[in-house]
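S.K.:
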Amino acid sequence: MKESIRGAMALLIILACGPAQATVKILATTSDWGALATELGGDRVSVYVATTALQDVHRVDAKPSLVARARTADLVFATGAELEIGWLPILVQESGNPRIQPGSPGYFEAAAGLNLLEVPTRLDRSLGDIHPQGNPHLQLDPHNIAVVAKALTSRLAMLDAGNAEYYQKRGSDFDTRWAQAIARWEAKAAPLKGLPVVVMHRDQVYLCHWLGLREVAAIEPKPGVPPSAGYLGQLVSTLTASPPKLILLNAYNDAKAANWLSERVHVPVVTLPFSVGGTAEAKDLFGLFDDTINRLRTVIQ
Amino acid sequence: MTRILPVAALIALAGIVPSAFAEATDDVAALRAELQNLKDDYATRVGALEARIDQLESAPAPMAAPVAQQPSPAGDSRSAASAFNPAISLILAGNYADVSQDPGTWRMAGFIPSGSEAGPGARSFNLGESELTLSASVDPYFSATMTAAITGEDEIGIEEAYFRTTSLPSGFTVKGGRFFSGIGYLNEVHSHAWDFADQPLVYQAFMGNQLAQDGVQLKWLAPTDLFVEIGAETGNGQAFPGTRLSRNGFNGTALFAHVGGDLGASASWRAGASWLELQAEDRPFEDVNEFDMPVLNSFTGKSRTWGVDAVLKWAPTGNSAYQQLKVQAEYLSRREEGELTFDAEGLALSDAYRSEQSGWYLQSVFQFRPRWRIGVRYDSLDSGSPRIALVDDGVLPPEAFPILLAADPDRISVMFDWSPSEFSRLRAQYAWDDARADGQYDRQFRLQYLYGIGAHGAHKY
Chain A
22 MKESIRGAMA LLIILACGPA QATVKILATT SDWGALATEL GGDRVSVYVA
72 TTALQDVHRV DAKPSLVARA RTADLVFATG AELEIGWLPI LVQESGNPRI
122 QPGSPGYFEA AAGLNLLEVP TRLDRSLGDI HPQGNPHLQL DPHNIAVVAK
172 ALTSRLAMLD AGNAEYYQKR GSDFDTRWAQ AIARWEAKAA PLKGLPVVVM
222 HRDQVYLCHW LGLREVAAIE PKPGVPPSAG YLGQLVSTLT ASPPKLILLN
272 AYNDAKAANW LSERVHVPVV TLPFSVGGTA EAKDLFGLFD DTINRLRTVI
322 Q
Chain B
-7 MTRILPVAAL IALAGIVPSA FAEATDDVAA LRAELQNLKD DYATRVGALE
43 ARIDQLESAP APMAAPVAQQ PSPAGDSRSA ASAFNPAISL ILAGNYADVS
93 QDPGTWRMAG FIPSGSEAGP GARSFNLGES ELTLSASVDP YFSATMTAAI
143 TGEDEIGIEE AYFRTTSLPS GFTVKGGRFF SGIGYLNEVH SHAWDFADQP
193 LVYQAFMGNQ LAQDGVQLKW LAPTDLFVEI GAETGNGQAF PGTRLSRNGF
243 NGTALFAHVG GDLGASASWR AGASWLELQA EDRPFEDVNE FDMPVLNSFT
293 GKSRTWGVDA VLKWAPTGNS AYQQLKVQAE YLSRREEGEL TFDAEGLALS
343 DAYRSEQSGW YLQSVFQFRP RWRIGVRYDS LDSGSPRIAL VDDGVLPPEA
393 FPILLAADPD RISVMFDWSP SEFSRLRAQY AWDDARADGQ YDRQFRLQYL
443 YGIGAHGAHK Y
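Chains as they are written, first to last, in my numbering: chain A, 22 to 322; chain B, -7 to 453.
(1) Taking the straight line between their C-alpha atoms, what separation do you get for A:P244 and B:S127?
(2) Once the 5 residues before and after A:Y69 are set aside, which same chain residues still bring their CB inside 6 Å of it?
(3) Taking C-beta pairs closer than 9 Å, name the residues in chain A that B:K294 reaches, listed in chain order.
(4) With C-beta atoms as the reference, is B:Y314 less than 8 Å away from B:R361?
(5) Can you find the residues in the same chain that come closer than 7 Å, C-beta to C-beta, to B:F171, ignoring five residues on each side of it along the sequence?
(6) Can you name the start and end residues of the alpha helix (DSSP H) that A:K277 belongs to?
(7) Does B:F219 come within less than 8 Å of chain A when only Cβ atoms are used?
(8) Rounded to the nearest angstrom, what separates B:L339 and B:L388 at their Cα positions?
(9) Would you be able to state if there are at least three C-beta pairs under 8 Å between the stretch 56 to 72 of chain A and the stretch 189 to 199 of chain A?
(10) Measuring straight from C-alpha to C-alpha, what distance separates B:S272 and B:Q230?
(11) Return the residues of the stretch 52 to 80 of chain A that lie within a Cβ-Cβ distance of less than 9 Å from chain B, sorted by chain order.
(12) When you compare only the Cα positions, how much space is there between B:R296 and B:A110?
(13) Tell me, to the nearest whole angstrom, how far the beta carbon of B:S92 is from that of B:Q196; I am working on the premise that it is less than 8 Å.
(14) Say whether the stretch 50 to 58 of chain A touches the stretch 290 to 301 of chain A, bearing in mind that this needs 3 or more beta-carbon pairs closer than 8 Å, one atom from each stretch.
(15) On the three-state DSSP scale, how would you describe B:P276?
(16) Quick check: is the beta carbon of A:E207 nearer than 8 Å to any beta carbon in chain B?
(17) Just the C-alpha distance for A:V81 and B:L332, rounded to the nearest angstrom, thanks.
(18) Does B:Y453 get closer than 8 Å to chain A when you measure Cβ to Cβ?
(19) What is the DSSP secondary structure of A:G62, reduced to helix, strand or coil?
(20) For a test of the three-state rule: what should DSSP assign to A:K214, helix, strand or coil?
(21) Can you tell me which of the three DSSP states B:K211 falls into?
(22) Answer with buried or exposed for A:S143, where buried requires no fewer than 16 other C-beta atoms within 10 angstroms of its C-beta.
(23) Is the stretch 423 to 437 of chain B touching the stretch 399 to 411 of chain B, taking contact as three or more C-beta pairs under 8 Å?
(24) With distances taken between CB atoms, is the gap from B:F219 to A:V88 smaller than 8 Å?
(25) When the cut-off is 8 Å and only beta carbons count, does B:F76 lie next to chain A?
(26) Which ranges does the alpha helix (DSSP H) cover as unbroken runs of at least 4 residues, wholly within the stretch 344 to 422 of chain B, from first to last along the chain?
(27) Could you check whether the Cβ of A:K84 sits closer than 8 Å to any Cβ belonging to chain B?
(28) Can you tell me whether B:G111 is helix, strand or coil according to DSSP?
(29) Counting only runs of 4+ residues fully inside the stretch 246 to 315 of chain B, write out the alpha helix (DSSP H) ranges in chain order.
(30) Tell me, please, whether the CB atom of A:R92 is closer than 8 Å to any CB atom in chain B?
(31) Which residues of chain A have a Cβ atom closer than 7 Å to the Cβ of B:D254, listed in chain order?
(32) Below 9 Å between beta carbons is the criterion; list the residues of the stretch 197 to 220 of chain B that meet it against any residue of chain E, in chain order.
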């Protein structure tokens, strides 16, 4: 009798535990979102990142490998604001996966819960490659990441209700660590306030906004429009008159135009990781901002 | 027995209790999650508000474009009816052509003509096809797309008009209406996205440029990390090499399979195999008889085509913004069996006909710096020697079917294009064409423009 009770207890325990937990499969469009999903989801999620920090997320092919990943994904984690418009809609459409269709719980856009900068007042493609919902390069302001992290935690808790507590715990843990890190970064970057900088494309807007850097010029005259010789000439004369402290470049950018300008106006080029993996030091989201600020500080040291 | 009963009862209980227990814990967890969701929702909103206040307080960035409020739905003056308008995009295409031989007399040597879409097009300035595309979700279950092609000859054609399922489980998608068949690689690609101003000769000869029939397509994508997709189509079979048939049922069948993946971070590939079977009933084609008089012949019978295709794309570190190489090749082989009628409107002599023909192309396009690309393409076809019973039996001389005399058409094309933005492209193309049935060597020069306005399209791989 004792044995049968013990056996039944064992059975009960086995049944209560249920089948082994399947992980939530996440397809993240950028390495930053991949890193955030890993921070928040821990071992309950498996993350596939569609692009690397060395790629221009505007211009990605809807590769077969990505369609295959979209097929099995439980959650697509995208930036939104049309950053991935050239390829993500194809992945979702070709995936044959009803879980990740826009509007479903399995489709998550970081930009959805944020107020974006540079929402154009006039929508006309003569203004270059503009985004109707605002500038989508929102990951370079850590306050934005904090907001996205909260929304993603809720989404994970909703998709995988059995592990809701786990996600909430990880979410609040991340929130605490992130708030501390922001305070640290802001203290370290305080001397950078008001620093005049030249940017490449208008994709460091959030970084400049956060740290109070003063964007005095952009190498691209309009978003997505490469500079002409005339424009660069004009830029040289303006910048020689009032030189900036540095020229910001992203890891994925071609350095030619920035180096050319740097030689003429005698201002250093600082290459920022832009995304997780953009430099050796930017291993995760914390590393991304640590490294970004360290690199920026080189010009004031 | 007395020992078995309680054990059985326990086991039964074990079945019920934990599930009830699990349900209760599930409920609690769900409630907790919901509560947390609510909390987080507020936290998110407060966070967003704080961010907004911060943003308003701090001085605007000097270069920043004016920041507008997100339009609130209440303040939006659009009526609810127009708010659901589909995404609209319009492609304008046109060209200037300088062709050494009269394009009006162009016929491909050795192949039954596939219709008006084939050939080098007209000389001088031409308005090409203007493509108007409308698309939107229909409801939670379907989306719909229509592409109308308005030709320079003031004709409107429905290039594609189809619905597609968005909510079928297990990787299935059903498409229905008129659509470009999923066979081959280039067949599904709209003309504005071609890398050359025209289709490869093998598509011109075997598909009448591009195959689209009215029908349904079922596609299944495997749940594997390797991209594996299989599809089947059936329809009314009205597209060349088929014709509209007088009978009910499924008249054109196409099967295809694609596999694909990555080779490291820099390269990706896709390969495929296709099979197509269509029926032709009195499919007419123009030829000249042995006295150089025009005659109308026709074919009735079965047409079976199979093919393989492969595409490879490479970009340094996978970043296609600066440099990208794209290499693609396709091979198609077609067997037609049935009856050939000579001078259908006059003598109407009919007898058996059988042909086995094949063709391939290889092309390579290289974006050597942002916005600039060069490309080269080689086309080659083998008409074989069709078995024409009317000729074999001596009823007619081989010269009665000059267009079906054995030939190996080929062509070399080079192109150079410049894309000022994602929405515009200017292209120059030069082709040395040795495909004409009259044996004349043709030099074809073309300048082409492509402009896209409206919704930002996304292109397939």
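No residue lacks a Cβ here, since even glycine has one placed at the ideal position from N, Cα and C.
M.R.: Working from what's here:
(1) 27 Å
(2) L48, R90
(3) The contacting residues do not exist; B:K294 stays about 32 Å from chain A at best.
(4) yes
(5) E152, Y154, A204, Q209
(6) 277 to 286
(7) yes
(8) 12 Å
(9) yes
(10) According to the sequence provided, residue 272 of chain B is Ala. The question's Ser does not apply to it. Cα to Cα, B:A272 sits roughly 8 Å from B:Q230.
(11) Y69, T72, T73, L75, Q76, D77, H79, R80
(12) 20 Å
(13) In fact, because the Cβ distance is near 19 Å, the residues do not count as touching under 8 Å.
(14) yes
(15) strand
(16) no
(17) 49 Å
(18) yes
(19) helix
(20) coil
(21) If DSSP states are grouped into helix, strand and coil, B:K211 belongs with the strands.
(22) Residue identity differs from the one stated: residue 143 of chain A is Arg in this sequence, not Ser. Under this definition A:R143 is an exposed residue.
(23) yes
(24) yes
(25) In terms of beta-carbon proximity, B:F76 stays away from the interface with chain A, with every pair separated by 8 Å or more.
(26) You should have 381 to 384.
(27) yes
(28) B:G111 falls in the coil class under three-state DSSP.
(29) none
(30) yes
(31) Think of a sphere of 7 Å around the beta carbon of B:D254: the chain A residues whose beta carbon falls inside it are K84, S86, in chain order.
(32) Chain labels in this structure do not include chain E; the protein chains are A and B.
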